[in-house]
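Chains as they are written, first to last, in our numbering: chain U, 1 to 183; chain X, 1001 to 1183.
For glycine and all other residues, C-beta sits at the position ideal for the given N, C-alpha and C.
Structure, as structure tokens:
There are 2 protein chains.
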Amino acid sequence: MDQKKKTIAIDMDGVIADTVAHFVEWYARDSGVRLSRKVFERKAEKDALPGNAVRKYVVSPGFFRTAPVMPGAREALLELSKDFEIYIVSAAMEFPQSLSEKYDWLAEHFEFISWRNIVFCGDKSVIGTDYMIDDHVKNLDFFRGVPILYTSEHNLDIVRHTRVNNWAEAISFLKKKPADPII
Amino acid sequence: MDQKKKTIAIDMDGVIADTVAHFVEWYARDSGVRLSRKVFERKAEKDALPGNAVRKYVVSPGFFRTAPVMPGAREALLELSKDFEIYIVSAAMEFPQSLSEKYDWLAEHFEFISWRNIVFCGDKSVIGTDYMIDDHVKNLDFFRGVPILYTSEHNLDIVRHTRVNNWAEAISFLKKKPADPII
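Next up, the structure:
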């Protein structure tokens, strides 16, 4: 890695992969009912769909492999790669069938990310990057660098971390120079 | 994780998996010639066997899944788990077919290690544990915690890190209290 660049750990699900859209899509396919993604607001993801569907989908072969890319994520990571060393850090270990699917998904949609910069883990507390962009506070709360909360339906009420609502805001935050005025 | 415990990142190949023994075994099976593991001494592992066999084996399905456990490793990790939070950290991303094999290997031989404590990565420079036990200096040289070099045939000439020759020595080093006399 280039030692001069600051490092960013970037989460996959809910950050560069639009898993909520994918849950809604699979549920519509299976039930014939197209729900709004608002059903995911302010609750644990696993409880958002009827019939334990979320838990069923995350262990289903193909779910992670076919998730849509989060709007703007590819362009944002290409842009950030110029100034930062980017690591994709996914808590994939809970769903071991997802390991190869997530590897292949990254190779398809983010082919400019080297295998050297991919981390699949369980607990993210071992990650020692300068920044972390994640939608789950459990990953950000004990992070020793600068935590950045990426907005997802389930985290709308969280106020204890810097929040970015989309990739344009993430770039704006990360590319702000320390000497820039705050207001 | 238990925040009171110090954390250790422990490598797989050459540290808890005896990959050199496994290379020798597969080469004997394929060639009929049983080489001494001394052929791995003081050279890059990939150059140790004739006919590029090492490179062939590391991309062969089943190689990592069937590697023997390093003598004493299971007992040592059980012992160390009492006082440390142990993370298995393997640079598995270079060989994506190894991801599920390494997961299954750990589940078989180190069933007491939770999925929360497994990390598969490329570049280990993002790992922020207190200790790291590894046989490759490329992983230890830029580590910000305490690096510990686990002896392997390829690293016999390295003198710039604390060396342990086997798991008994690793336990002895790690369980030495800071207040213990050095000599």
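If you check the CB distance, residue 119/U and residue 88/U come in under 8 Å.
In the DSSP assignment, residue 1142/X falls outside any alpha helix (DSSP H) and carries neither an H nor an E.
Residue 123/U belongs to the set of residues whose beta carbon lies under 8 Å from a beta carbon in chain X. Restricting attention to 61/U, 56/U, 54/U and 113/U, the CA atom closest to the CA of residue 76/U is found in 113/U. Under the DSSP assignment, residue 1134/X falls in the beta strand (DSSP E) whose first and last residues are 1131-1134.
Under the DSSP assignment, residue 162/U falls in the beta strand (DSSP E) whose first and last residues are 162-164. Taking a Cβ-Cβ threshold of 9 Å, the residues of chain U close to residue 1144/X are 128, in chain order. Sequence-distant Cβ neighbours of residue 21/U in its own chain, meaning closer than 6 Å and more than five residues away, are 68.
A check of alpha carbon separations from residue 1152/X across 1005/X, 1004/X, 1013/X and 1007/X identifies 1013/X as the nearest. At a beta-carbon threshold of 8 Å, the residues of chain X lying near residue 117/U are 1122 and 1123, ordered along the chain. In the three-state reduction of the DSSP assignment, residue 1016/X falls in the coil class, being assigned neither a helical nor a strand state.
Around the beta carbon of residue 1085/X, 16 or more other beta carbons sit within 10 angstroms, so the residue counts as buried. Here the alpha carbons of residue 171/U and residue 1041/X stand approximately 48 Å from one another.
Boundaries of the alpha helix (DSSP H) harbouring residue 75/U: 73-80, taken from the DSSP string.
In this chain, the beta strand (DSSP E) harbouring residue 9/U covers 6-10. Here residue 85/U carries a strand assignment [DSSP, helix/strand/coil]. Ranked by Cα distance from residue 1082/X, the first of 1163/X, 1165/X and 1008/X is 1008/X. Taken atom to atom, the span from the alpha-carbon of residue 128/U to that of residue 1030/X is near 43 Å.
Going by DSSP, residue 1064/X is part of no alpha helix (DSSP H) at all; its letter is neither H nor E. The Cβ of residue 60/U sits no closer than 8 Å to any Cβ of chain X.
With fewer than 16 other CB atoms across the displayed protein chains lying within 10 angstroms of its CB, residue 66/U is exposed.
Residue 147/U counts as buried, since no fewer than 16 other beta carbons sit within 10 angstroms of its beta carbon. Cβ contact annotation for residue 54/U (same chain, cutoff 8 Å, sequence separation greater than five): 23, 45, 46, 47 and 48, in chain order. By the rule that beta-carbons nearer than 8 Å mark a contact, residue 1027/X does not touch chain U. Residues of the segment 1078-1109 of chain X with a Cβ closer than 7 Å to any Cβ of chain U, in chain order: 1087, 1093, 1094, 1096, 1099, 1100 and 1103. Taking the CA atoms as reference points, residue 1091/X sits about 7 Å from residue 1123/X.
When DSSP states are grouped into helix, strand and coil, residue 1156/X belongs to the coil group. When the five nearest sequence neighbours on each side are left out, the beta carbons in the same chain lying within less than 8 Å of the beta carbon of residue 173/U are those of 148, 162 and 164, in order along the chain. Non-local C-beta neighbours of residue 26/U in its own chain, meaning closer than 6 Å and more than five positions away in sequence, comprise 57, ordered along the chain. Between residue 1135/X and residue 1039/X, the C-beta spacing is not below 8 Å.
The Cβ-Cβ distance between residue 1034/X and residue 1028/X falls below 8 Å. Annotated as distal: residue 157/U and residue 145/U, with beta-carbon spacing of 8 Å or more. At a cut-off of 3 residues, not a single continuous stretch assigned as beta strand (DSSP E) sits fully inside the segment 19-44 of chain U.
At a cut-off of 8 Å between beta carbons, residue 9/U contacts chain X.
With respect to the 8 Å criterion, residue 125/U and residue 142/U are classified as neighbours on the basis of their beta carbons. With a 10 Å radius around the Cβ and a threshold of 16 neighbouring Cβ atoms, residue 104/U comes out exposed.
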